[in-house]
Amino acid sequence: MADVDVLIVGAGITGIYQLYRAREAGFSAVLLEAGAGVGGTWFWNRYPGARFDSESYTYGYLFSRELFDEWEWSEHFAGQPEIERYLNHVVDRFDLRRAMEFGTRVTAAVWSGDHWAVSADDGRGWDARFLVAATGVLSVPYFPDVPGRDAFAGEQYHTGLWPSEPVDFRDQRVAVVGTGSSGVQIVPVIAEEAASLTVYQRSANWCTPLNNAPIRPDEQRALRAEFDALCHVLNTSAAGFLHQPHDRGAFDDSDEERLAFFEKMWHSPGFAKLSSNYLDLLFNDAANDAWCAFLEGKIRSIVRDPVTADKLIPTHRYGQKRPPFVNGYYEAFNRDNVTLVDLRASPIVFDDLDIVVWATGFDFGTGALARMGVVGRDGVALNDHWADGPQTFLGVCTAGFPNLFFPGGPHAAAGNNPRYNGDQVDFVTDTLIHTGDRVIEVTAEAEQRWTDMVDRAAQTNPFGELGQYFGTNIPGKPRRYLLNAGGRPKLFKEIARVKDTDYAAFTLL
Ligand code: NAP
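Residue numbers (this note's numbering): 184 to 692.
Now the structure itself:
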């Protein structure tokens, strides 16, 4: 006899919504969270400068019109403190906190014939009919094995494990290691405070301005008035983004028109630079080169020291890595207290530092699930089933692991995460209702079909082919695509097929 119908792991955006949906559907539910508060990724990544790079109102929840109407985001791209306040507001508004246990890290989850036996690091245990791991893709920070790191006597922080107490950088000699989306957000903020800041860069990244702004009262009113239209746009765009695709290729325009269009892109908000840029930007070398040449000109026009500017010009194509969106990043290198060091030429000199900030990324996609001690049917460990990389159906379940779901996990999303993850929570909840008192497990064939789709589509999609999306940022991790290469339309199509075929992709016992 299980203690609870649904045990959810993780109080991030996905877990909060899963708890809401499970309770609304009449299930008893408990949510376990390792952190001291709600927010998941947006709890742990509380480093100075952390903020959305998708518009706040496109990233927040859309399931409740009342919630949307009563919450006013102050900026188009909200900062971490406001995001954390919002998620706490949602939890309290829907009375979800009393089902949550904080400071509780799941260390084992074993399938026991008709339920999951779940244990936590504090020795407690739960028997749950369904286990929903809303453990996220960016939950396990990666510390590189750098000579001298262990012996360093100063303070060390990872952007993805930032402490609740503010870190005081005043009069300190600080280093930031890593120049991905997190590193380039924190650099300009630390630069303002520290005595000196050394930025250790292994590879440069193509950064463009976020172009954030406060949301004016008339914009607030328009957002409310156009809620349905907003939902329509987000639910029909391929990646859940607000910004619509352009209708032209780069060379449909003259040189002057192209330059003017790139200038417009440079001044556009957030991800518009990617999703509303020329249609062939990622697929046509010449189009990509033209955009990169434009960005190179911008970087050189901002950064005064030509040697530093040289180092800041990436060698990869735009989109090969997830591009960051920044606020004053390149400008920071014009300050006297900021130095850029090429890690490929010079190692980190720990002796000259008081504080080191590791902005070195995450064991993306599979990291958290791999550390949860999941053992499925016939005693098979999830880590063995996924030894060559994840195999999933819809990015939410895997064969041999009955009554286990992981919305927002590997193969789940590729774009505006909360939109995809919300779709998946809705699907999981419908599936729990459909299952009732039975046990449900995806078939090996359905799992193979989705995994093959992901792997095949990844071959023709050059977006993010370097780094975390293929797991290549973690030494020894198998090179497999970890996003949903088919995008949101493919997810919708397959979910509809599951329902139309009365769950033929699953066995129910
Ligand atoms: P990341 O994109 O993986 O970047 C890690 C950085 O650390 C890279 O510059 C990498 O260099 C460097 N690095 C890794 N291993 C290293 C080593 N052994 N020695 C030296 N440098 C090393 O990680 P992230 O910046 O934390 O971003 C992760 C993801 O979080 C993003 O892609 C995005 O999805 C998300 N994010 C989102 C936001 C937002 O929405 N606003 C903000 C921050 C992060 P190489 O490039 O050479 O590998």
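Even for Gly, the Cβ is constructed at its ideal location relative to N, Cα and C.
Remember, predicted model here, so these are calculated numbers, not experimental data.
Same chain, Cβ closer than 7 angstroms to residue i, five either side skipped, listed in chain order
i, result
"Thr626", "Ala582, Ala688, Phe689 and Thr690"
"Ala422", "Ser458, Ala597, Gly598, Asn599, Gly670 and Arg671"
"Ala551", "Thr318, Gly319, Ser322 and Val323"
"Val486", "Ala492, Leu495, Tyr513, Phe516 and Asn517"
"Gly556", "Thr290, Ala291 and Ala292"
"Pro397", "Ser257 and Glu258"
Contacts around residue i, its chain only, beta-carbon distance under 6 angstroms, and the 5 residues preceding and following it disregarded
i, result
"Asp186", "Trp309 and Asp310"
"Gly559", "Trp294, Gly583 and Phe584"
"Ser364", "Pro507"
"Asp188", "Phe210, Ser211 and Arg312"
"Phe285", "Glu216 and Ala219"
"Val681", "Ala688"
"Phe533", "Gly331 and Phe335"
"Val192", "Leu215, Val289, Ala316 and Thr318"
Where residue i falls, given that 16 or more other Cβ within 10 Å makes a residue buried
i, result
"Ile616", "exposed"
"Asp606", "buried"
"Asp236", "buried"
"Gln631", "exposed"
"Arg312", "buried"
"His450", "exposed"
"Glu677", "buried"
"Pro264", "exposed"
"Lys660", "buried"
"Glu207", "exposed"
"Glu238", "buried"
Any non-hydrogen atom of the ligand NAP within 6 angstroms of residue i CB
i, result
"Ser211", "no"
"Pro327", "yes"
"Gly363", "yes"
"Asp236", "yes"
"Leu442", "no"
"Leu425", "no"
"Thr197", "no"
"Arg500", "no"
"Gln651", "yes"
"Thr543", "yes"
"Ser386", "yes"
"Leu526", "yes"
"Arg151", "Beyond the ends of the chain as shown, which are 184 and 692, falls residue 151; an answer cannot be given."
"Leu321", "yes"
"Asn656", "yes"
Bridge-paired residues (DSSP) for residue i
i, result
"Cys580", "Phe576"
"Gln384", "Asp525"
"Trp299", "Trp294 and Ala311"
"Gln339", "Val539"
"Leu215", "Val192 and Glu284"
"Glu258", "Pro397"
"Arg353", "Ala377"
"Tyr501", "Lys504"
"Val289", "Ala303"
"Leu464", "DSSP output for Leu464 lists no bridge partner at all."
"Leu587", "Leu314"
"Pro392", "Val509"
"Val557", "Ala292"
"Val187", "Ala311"
"Pro661", "DSSP, once it has assigned bridges, lists no residue as partnering Pro661."
"Phe444", "Phe444 is not bridged to any residue."
Where the alpha helix (DSSP H) containing residue i begins and where it ends
i, result
"Thr491", "Pro489 to Leu495"
"Phe235", "Run containing Phe235: none; DSSP gives neither H nor E here."
"Val360", "No alpha helix (DSSP H) holds Val360; the beta strand (DSSP E) holding it covers Arg356 to Val360."
"Leu425", "From DSSP, Leu425 is part of no alpha helix (DSSP H); its letter is neither H nor E."
"Thr419", "Phe410 to Thr419"
"Arg276", "Gln263 to Arg276"
"Gly670", "Gly670 to Asp683"
"Gln651", "No alpha helix (DSSP H) holds Gln651; DSSP gives it neither H nor E."
"Val148", "As shown, the chain starts at 184 and ends at 692. That puts residue 148 outside it, with no answer to give."
beta-carbon residue i near the ligand MN non-hydrogen atom, thresh 6 angstroms
i, result
"Ser459", "The ligand MN is not part of the structure shown, which contains the ligand NAP as its ligands."
Sequence-distant residues of the same chain with beta carbon closer than 8 angstroms to residue i, five excluded per side
i, result
"Thr522", "Ser379, Leu380, Thr381 and Val382"
"Gln427", "Val416, Ser420, Ser458 and Ser459"
"Tyr686", "Thr614, His617 and Ile623"
"Trp633", "Thr575, Phe576, Leu577, Gly578, His594 and Glu677"
"Pro371", "Gly232, Val509, Asn510, Gly511, Tyr512, Glu514 and Ala515"
Unbroken beta strand (DSSP E) run spanning residue i, endpoints
i, result
"Val625", "Ile623 to Val625"
"Phe689", "Phe689 to Leu691"
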